[in-house]
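Below is one structure; the comments refer to it alone.
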Amino acid sequence: MDNSVANGTSSCIQDTHSSSIMASPDATLGRHLARRLVEIGVGDVFSVPGDFNLTLLDHLIAEPKLKNIGCCNELNAGYARDRGVGACVVTFTVGGLSVINAIGGAYSENLPIICIVGGPNTNDYGTNRILHHTIGLPHFSQELRCFQTVTCYQAVVNNLEDAHEQIDRAIATALKESKPVYISISCNLPAIPHPTFSRDPIPFCLSPRLSNKRGLEAAVDAAVAFLSKAVKPVMIGGPKLRAAKACDAFREKTLIVQPDRVVIGNGPAFGCVFMKDFLSELAKKVKKNETAYENYRRIFVPEGTPLKSQPNEPLRVNVLFQHIQKMLSADNAVIAETGDSWFNCQKLKLPEGCGYQFQMQYGSIGWSVGATLGYAQSVPEKRVISCIGDGSFQVTAQDVSTMIRCDQKSIIFLINNGGYTIEVEIHDGPYNVIKNWNYTGLVDAIHNGEGNCWTQKVKTEEELIEAIATATGEKKDCLCFIEVIVHKDDTSKELLEWGSRVCSANGRPPNPQ
Numbered sequence: 000m001d002n003s004v005a006n007g008t009s010s011c012i013q014d015t016h017s018s019s020i021m022a023s024p025d026a027t028l029g030r031h032l033a034r035r036l037v038e039i040g041v042g043d044v045f046s047v048p049g050d051f052n053l054t055l056l057d058h059l060i061a062e063p064k065l066k067n068i069g070c071c072n073e074l075n076a077g078y079a080r081d082r083g084v085g086a087c088v089v090t091f092t093v094g095g096l097s098v099i100n101a102i103g104g105a106y107s108e109n110l111p112i113i114c115i116v117g118g119p120n121t122n123d124y125g126t127n128r129i130l131h132h133t134i135g136l137p138h139f140s141q142e143l144r145c146f147q148t149v150t151c152y153q154a155v156v157n158n159l160e161d162a163h164e165q166i167d168r169a170i171a172t173a174l175k176e177s178k179p180v181y182i183s184i185s186c187n188l189p190a191i192p193h194p195t196f197s198r199d200p201i202p203f204c205l206s207p208r209l210s211n212k213r214g215l216e217a218a219v220d221a222a223v224a225f226l227s228k229a230v231k232p233v234m235i236g237g238p239k240l241r242a243a244k245a246c247d248a249f250r251e252k253t254l255i256v257q258p259d260r261v262v263i264g265n266g267p268a269f270g271c272v273f274m275k276d277f278l279s280e281l282a283k284k285v286k287k288n289e290t291a292y293e294n295y296r297r298i299f300v301p302e303g304t305p306l307k308s309q310p311n312e313p314l315r316v317n318v319l320f321q322h323i324q325k326m327l328s329a330d331n332a333v334i335a336e337t338g339d340s341w342f343n344c345q346k347l348k349l350p351e352g353c354g355y356q357f358q359m360q361y362g363s364i365g366w367s368v369g370a371t372l373g374y375a376q377s378v379p380e381k382r383v384i385s386c387i388g389d390g391s392f393q394v395t396a397q398d399v400s401t402m403i404r405c406d407q408k409s410i411i412f413l414i415n416n417g418g419y420t421i422e423v424e425i426h427d428g429p430y431n432v433i434k435n436w437n438y439t440g441l442v443d444a445i446h447n448g449e450g451n452c453w454t455q456k457v458k459t460e461e462e463l464i465e466a467i468a469t470a471t472g473e474k475k476d477c478l479c480f481i482e483v484i485v486h487k488d489d490t491s492k493e494l495l496e497w498g499s500r501v502c503s504a505n506g507r508p509p510n511p512q
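Each residue of the sequence shown is one higher than the one before, starting from 0 at the first, in numbering that gives the first Met the number 0.
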C-alpha cells in the first residue's frame, strides 16, 4: 500500500507486537491521542459509537480531563465544536460519510476540527475481504478520498511504529491551518502498548506565521495613503477575522484585507502579509477622524421600534427580536440558524462580551442545533440563546436530547412559520411547505421526565413576555424551548432582497459558447 496519500499519510502494515513487548501497559495509542487532545484545549469529544471505534472510545474516556459527549447522529457531532478546537469520533464509512457535511462546513469557516474515525482491523488491509459498513468493495480508500477535499490533512493509522508521528502531524496541521483534519485509526490498535508512547509527548510548539517585514511596511504605508485620500471611508469586518486571530487588532483600526494578503483598492497587492500584523501596524499610523465620526452620528437614522401589539394580536417576528434584544448581556451568546434568523440576529446590538455565532458561508440548515450543543458545553458560564427555524430544526432535532442529558440551560426560540422560508424567497413552490410538528410536544417527549427542561408555545406578545420572564427567572437553570408561532409570510426585508438577488444569480442563462 502506498505510504503517502494526498498531503496526509497512510502507513504500511507491519507486525507491531514484537516492538511493543517492552512498553508500559499504559503506553497505548489511545492514551497518546487523549493526552494530545487535552494538550490543545479539547475538553469534550463529541461521538457516535460504532463497532470500529469502541476500543478507542474506552481509552479516550479514561483520560480524566476529557469528557465524552454521545450525540444522536454524526452530523450533530460534527457541528458541536468545543472551545477553540473541536474533536469528534465516528465509525468507519457510515459514520464518516454522515459527519462529512459538518466537516465541509468547518472547512469553509476555517474551524480546526479533529475528525477521528475508527477504521478496519489492520489485518483486513490488503485482503479481498468485503467488510460491513463499507460500499462492498475490498479496498477501504473511499472514505479517505471523500475527506481529502474537506480537510487540510489526512492520516490513516494502521501501524504503531509511526502512529504518534502521524497523529501529531495531523493535529499540528489543524492548528496551523485552522482547518479540519481526518485521522483514521484501525480498531485493533488503540489498546496495544508501544515504546513510542512510553514517554510524555513533546509539547506542541508551532512556529508563528510571520509577515514579510518589507511587504508589511509597504502595505501599511499604501493603506495609510489610500485612507487619507478617502472622503467617506467605510470599515467592514468579515468572517475571516476570527480564523486569522485578528479580532483584537480589528477593534482598534480596520481595513478589509485577506488573511495573508493586502490589496489596496485597484492598486498594488502585498503577499505574505498577515491580517493580524497588518492591522496592528496600521493602528499605529492611522489617526481617528473625529469630524467623520460626528458627521456619521448626524446622518445616522436608527431603526424604528416595532409598534406595540394589540391584545391577542398574532405575534410578529420583529416584535420577537425586540424582546430578544432586551435579554442580551455579557453572560449570553447568540446562535443564528441559516435562514431569516441570519438577518434578524444581525440587527441585534450585542453587549460587550456577548458571543455570536452563525454559518453564513456554508449555510447548512440544521447547523444551529449541534452548534448550540457544542457552544453551551464549552462555555457553560454563558447562557446560549438560539434562534432556529422550524424547517432547520426538523433536520437535526434529536440532539436536544443530548442538551438535556448534559444539563445545559440554553434558551431555544423555535420560529414556526410552516416551511422553508429562505427557499420560498428564492424560488417558491410546494416543496417548501413542510409537515407541521407539535414541537413543544416533541421536546416534552424527548425530555421524558429526565433532566431539566421546560417548554412553552406562544402566539402573542403577551404570551412571549410571560415565557421570557419564566425562562430567565424561575426556569433559569433549565433548558428552555419556546415555540413561537408566526405568519408564514412574516419575513425581514433583508431576506426578501437577498432571496431576490440569489434568484437572479441562480437564473442567469449560460454564457454563449
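Just so you know, even glycine gets a beta-carbon here, dropped at the ideal spot from N, CA and C.
Rounded distance between the beta-carbons of V155 and L143, thought under 8 Å: 6 Å
Endpoints, the beta strand (DSSP E) within which K456 is located: C452 to V457
Contained alpha helix (DSSP H) runs [length at least 4] in the stretch 334 to 359, N- to C-terminal order: 339 to 345
Rounded C-alpha distance that separates C114 from L32: 12 Å
Nonlocal neighbours in the same chain, by C-beta distance under 6 Å from G83, ignoring five residues either side: G40
Extent of the continuous alpha helix (DSSP H) to which Y106 belongs: G95 to S107
Residue from L65, V93 and Q407 with nearest C-alpha to P48: V93
Distance, G270 Cα to F146 Cα: 29 Å
Backbone secondary structure at G506 - three-state DSSP: coil
Close-in-space but distant-in-sequence residues of the same chain around L56 (CB under 7 Å, 5 per side omitted): S46, P48, N67 and V88
Every unbroken alpha helix (DSSP H) within the stretch 130 to 197, with a cutoff of 4 residues, ordered by chain: 141 to 146 and 162 to 176
Candidates F299, T54, I112 and C71: closest to M402 by CA position: C71
is_contact[H131, chain C] using C-beta, thresh 8 Å: This model lacks chain C altogether; it includes just one protein chain.
E465 - containing alpha helix (DSSP H), residue span: E460 to T471
Beta-carbon proximity list for Q519, same chain, < 6 Å, skipping 5 on both sides: A query on residue 519 cannot be resolved here, the shown segment of the chain reaching from 0 to 512 and no further.
Terminal residues of the beta strand (DSSP E) in which A268 lies: A268 to G270
L209 classed as buried or exposed, judged by whether at least 16 other C-beta atoms fall within 10 angstroms: exposed
Close Cβ partners of G450 (< 7 Å) along its chain, the five nearest in sequence each way excluded: I403, R404 and D406
Unbroken alpha helix (DSSP H) run spanning S279, endpoints: M274 to K284
G303 versus E312: straight-line alpha-carbon distance, rounded: 20 Å
Span of the alpha helix (DSSP H) around E424: T420 to I425
CB of N75 within 8 Å of CB of D389, strictly: no
Burial state of G448, where buried means 16 or more other Cβ atoms lie within 10 Å: exposed
Beta-carbon proximity of E460 to V318, cut-off 8 Å: yes
Buried versus exposed call for I411 [16 or more other C-beta atoms within 10 Å across all chains shown]: buried
F139 to D330 span [Cα, whole Å]: 47 Å
Backbone CA spacing between C344 and K434 [nearest angstrom]: 26 Å
Alpha-carbon to alpha-carbon, D167 and N127: 31 Å
CB of A370 within 8 Å of CB of I334, strictly: yes
Sub-8 Å separation of E62 and R80 beta-carbons: no
Environment of Y292 [buried if 16+ CB atoms lie within 10 Å]: exposed
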